[in-house]
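Q: Every letter in the sequence shown is one number past the one before it in this note's numbering, and letter 133, counting from 1, is 129.
We treat Cβ as the ideally placed atom computed from N, Cα and C, and that holds for glycine.
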Amino acid sequence: MKALIVQEHGALEKLSLGDFPDPSPGKGEVLVDVHAASVNFPDLLVIGGTYQNLPPRPFVPGKDLAGVVAAVGEGVTRVKVGDRVLAQIEHGAFAERAVVREVLCFVMPAKMSFADGAAMGLVYLTAHNAIVERAAMKAGETVLVTGAAGGVGLACVQLAKALGATVVAAVSSEEKARLVRDNGADHVVRTDVPDLRESFRNQVFEAVGKRGIDLVLENVGGDVFDASLRVMAWCGRLVIIGFAGGRIPDVKAGYLLVKNISLIGLQSSDYRERTPEVVRKAYERLFALYEQGKLQPRVMARYPMQDYVAALQTVKDRKVLGKVVITMPV
Ligand SMILES: NC(=O)c1ccc[n+]([C@@H]2O[C@H](COP(=O)([O-])OP(=O)(O)OC[C@H]3O[C@@H](n4cnc5c(N)ncnc54)[C@H](OP(=O)(O)O)[C@@H]3O)[C@@H](O)[C@H]2O)c1
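#1: Assign K331 to buried or exposed, taking buried as 16 or more other Cβ atoms, counted over all protein chains shown, within 10 Å of its Cβ.
#2: On the three-state DSSP scale, how would you describe M301?
#3: How big is the Cα-Cα spacing for G69 and V42?
#4: Residues in the same chain with beta-carbon distance under 6 Å from V77, minus the five sequence neighbours each way, listed in chain order, please.
#5: Shortest alpha-carbon distance to R53 belongs to which of C231, Y299 and L0?
#6: Just to confirm the assignment, what range does the alpha helix (DSSP H) spanning Q199 have?
#7: Which runs of the alpha helix (DSSP H), 4 residues or longer, sit entirely within the region 166 to 190?
#8: Is it the case that the CB of P38 approaches a heavy atom of ligand 1 more closely than 6 Å?
#9: Could you please go through the chain and list the residues whose beta-carbon is closer than 6 Å to any non-hydrogen atom of ligand 1?
#10: Between which residues of its own chain and D39 is the CB-CB distance below 6 Å, once the five residues before and five after are set aside?
#11: For the region 157 to 176 against the region 304 to 313, are there 3 or more C-beta pairs whose distance is under 8 Å?
#12: From this set, H124, T122, G149 and K157, which residue's C-alpha is nearest E137's C-alpha?
#13: Excluding five sequence neighbours on each side, which residues of the same chain lie with their C-beta closer than 8 Å to the C-beta of L192?
#14: Nearest CA to the CA of T187: which residue from A181, D178, E202 and E170?
#15: Output the distance between the C-alpha atoms of F55 and T122, rounded to the nearest integer angstrom.
#16: Can you grab the Cα-Cα spacing for the pair E214 / R298, in whole Å?
#17: Rounded to a whole number of angstroms, what is the C-alpha to C-alpha distance between L11 and Q3?
#18: Between the Cα of M324 and those of H5, V176, V28 and P17, spot the shortest distance and give me the residue it belongs to.
#19: Could you have a look at L159 and say whether DSSP puts it in helix, strand or coil?
#20: Name the DSSP beta bridge partners of E214, please?
#21: Kindly indicate which residue of L253, Q302 and E194 has the alpha-carbon position closest to the one of V227.
#22: For K248, which of P300, L225 and A145 has the nearest alpha-carbon?
#23: If you run the structure through DSSP and keep just helix, strand and coil, what is V227?
#24: Ignore the nearest five residues each way along the sequence and tell me which others in V216's own chain have a CB closer than 6 Å to its CB.
#25: Given a cut-off of 7 Å on the beta-carbon distance, is the pair I253 and L234 in contact?
Next up, the structure:
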């Protein structure tokens, strides 16, 4: 089969499109003919060799896919050959075929396209884990989403809004501001401003009042994380989702003490490995909200597999609006 292959970690140019051995499903596994796979920021870290979880080389990267079940291994009962499914794996999605665990393979709603299915994977699961599992968000709370026009960010905006929050979205451009407004954000604050530390607080307080933010969903790290800590309400929670900006922040514990702030970590893949039943319940809920029109993955572009560099570069260059999808077969 054709696949994107990491022979050596490094720049995107080191990745190649070539032949890779066809996988076959073992016990409890499902073989999927992949029609679409979406790009996630962590794919760049995996390809670059800086991600926390790296497979032995050569390997096929990619964590989100949608396609048609081609074969099932022993003991598989929840999906059958011909089902349209989306699935998540640690790596292997950027290929014409992939083997996934049955427990992480979900039959898609009939009206969902393969591109939407691939875009509804890791980012929506991460949003659900952050908002529901880690933060136990309540309707009526004020929620700040940083990096809000990216994949995880936009999923957080849509889901928090669907579950009854007042959503403040932080973005770095007017184009991104329009996107988050169109996707349900009640207020938009900008991070491309001089003196972010002071300006961010002024913008957020102007939007929601000086009481501040009950829940921060933080995707960016660095100065945006630091500024976000200063807008939190008494007993606020901040879920650490990622560091797309590159700097992992340090935190002064005294600051957490005086404002009763909770910092909460999240690694979505742990839920896949440790509690797949929680993931299954999350997808039942996400699909129901999708069918009600409350969630809608936003696919900004679809690239055929041979144009993989352009697809990955869009995310690397911070230009992604929602999600970018790679389509198969070649
Ligand atoms: N914890 C988990 O389990 C988990 C799961 C999936 C992803 N993640 C993490 O969550 C974060 C978001 O992932 P994603 O797939 O949604 O990424 P994405 O689509 O590329 O969005 C990232 C956003 O971060 C902002 N950003 C700031 N500085 C950036 C830079 N130097 N390069 C790229 N983006 C920058 C951008 O918004 P502005 O331009 O508006 O600032 C961008 O929209 C990443 O850190 C990723 O590693 C964590």
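A: This is what the structure gives:
#1: The chain is shown only over -3 to 326; residue 331 falls outside these bounds and no answer can be derived.
#2: In the three-state scheme derived from DSSP, where H, G and I count as helix and E and B as strand, M301 is classed as helix.
#3: 28 Å
#4: V65
#5: L0
#6: Residues L192 to V204.
#7: 170 to 178
#8: yes
#9: N36, F37, P38, L118, V119, T122, G143, A145, G146, G147, V148, G149, V167, S168, K172, T187, N215, V216, I237, G238, F239, A240, G241, G242, L262, Q263, S264, V311, R314 and V316
#10: So the list reads P57, once near-sequence residues are dropped.
#11: Contact fails: fewer than three Cβ-Cβ distances are below 8 Å.
#12: K157
#13: So the list reads D219, V220 and A223, once near-sequence residues are dropped.
#14: E170
#15: 24 Å
#16: 27 Å
#17: 7 Å
#18: V28
#19: coil
#20: I236
#21: E194
#22: L225
#23: coil
#24: T142, G143, A240 and G241
#25: It is Leu, not Ile, that sits at residue 253 in the sequence shown. No, Cβ-Cβ distance for L253 and L234 is not below 7 Å.
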